[in-house]
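Have a look at the structure below, then the notes.
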Amino acid sequence: LENISDEENEEEEDEIFVSSLSRHYDTNTLLNSTRQVEIGPAIVSDVVTIEPTPLNQQLSTNEPPKLRRNCRSSSARTRRNRKRNMVKRLHRDQHIIYRKVYHRFNIRQIKNILRARNVRYVHLTLHKSSQVLSIGMKKPSLVDLYFDRLPGDLFDKEHYQHYRQNEH
Numbered sequence: 006l007e008n009i010s011d012e013e014n015e016e017e018e019d020e021i022f023v024s025s026l027s028r029h030y031d032t033n034t035l036l037n038s039t040r041q042v043e044i045g046p047a048i049v050s051d052v053v054t055i056e057p058t059p060l061n062q063q064l065s066t067n068e069p070p071k072l073r074r075n076c077r078s079s080s081a082r083t084r085r086n087r088k089r090n091m092v093k094r095l096h097r098d099q100h101i102i103y104r105k106v107y108h109r110f111n112i113r114q115i116k117n118i119l120r121a122r123n124v125r126y127v128h129l130t131l132h133k134s135s136q137v138l139s140i141g142m143k144k145p146s147l148v149d150l151y152f153d154r155l156p157g158d159l160f161d162k163e164h165y166q167h168y169r170q171n172e173h
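The opening residue of the sequence shown carries number 6 in our numbering; numbering runs sequentially from there.
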């Protein structure tokens, strides 16, 4: 559409056909309609300025904001948590070193031994029934690096007795 000044508008009337509008704006109108539409000058009112509210001033509402935990039902939260924990467990269990452990070792002692050997782990899981320790790593390169630092007999009975003697 053309920009029409007031002087030109008085001298001649501009006509716009609906079919030409439908081509420009993708409206679903009949293609053969030849109805004329007159466009008059538009009156623009004064510009209204909007002042921003200060950050420390809160909007006045009667209701306090909803707590995040109230947005979902308890069963939906349980399903979401179960699904998310499965994904986390899959990522966590990608890079693991397994070692046999003497049954008298506890998790605190194992962590101290790993810190002394400069082993950076993500998680430790001690399965007391099978006496197996799983040491989770972030990267496969760390598994290769720490595999040699942690010999297979590091957590056996002899090392436990040696650790207990040096501990006291």
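The beta carbon of each residue, even a glycine, is placed where N, CA and C say it ideally should be.
- Distance from the CA of Asn111 to the CA of Lys71, rounded to the nearest whole angstrom, comes to 44 Å.
- Remark: C-beta atoms of Tyr103 and Val137 approach each other more closely than 9 Å.
- Within the same chain, and ignoring the five residues on either side of Val148 in sequence, the residues whose Cβ sits closer than 7 Å to its Cβ are His100, Ile102, Met142.
- If you draw a 10 Å sphere on the C-beta of Leu150, you find fewer than 16 other C-beta atoms in it, and that means exposed.
- Setting aside the 5 residues that flank it on each side, Lys116 is surrounded in the same chain by Leu129, each with a C-beta closer than 8 Å to its C-beta; the list follows chain order.
- For Tyr168, the secondary structure class from DSSP, reduced to helix, strand or coil, is helix.
- Taking 9 Å as the cut-off, the beta carbon of Asp158 is found no closer than this to the beta carbon of His167.
- Residue nearest to Ser134 within the set Lys88, Tyr107, Thr83, Ser80 is Tyr107 (criterion: CA-CA distance).
- Contact between Arg122 and Arg154 holds: CB atoms are separated by about 5 Å, below the 8 Å threshold.
- Leu129: member of the beta strand (DSSP E) spanning 128-132, first to last residue.
- For Lys162, the CB contacts under 7 Å within the same chain, skipping 5 residues up- and downstream, are Tyr107 in chain order.
- Around the beta carbon of Phe152, fewer than 16 other beta carbons sit within 10 angstroms, so the residue counts as exposed.
- About 7 Å separates the CB atoms of Val127 and Arg97; that is less than 8 Å, so the two are in contact.
- Residue environment analysis places Leu119 among the buried positions, since at least 16 neighbouring C-beta atoms fall within 10 angstroms of its C-beta.
- For Leu72, the secondary structure class from DSSP, reduced to helix, strand or coil, is coil.
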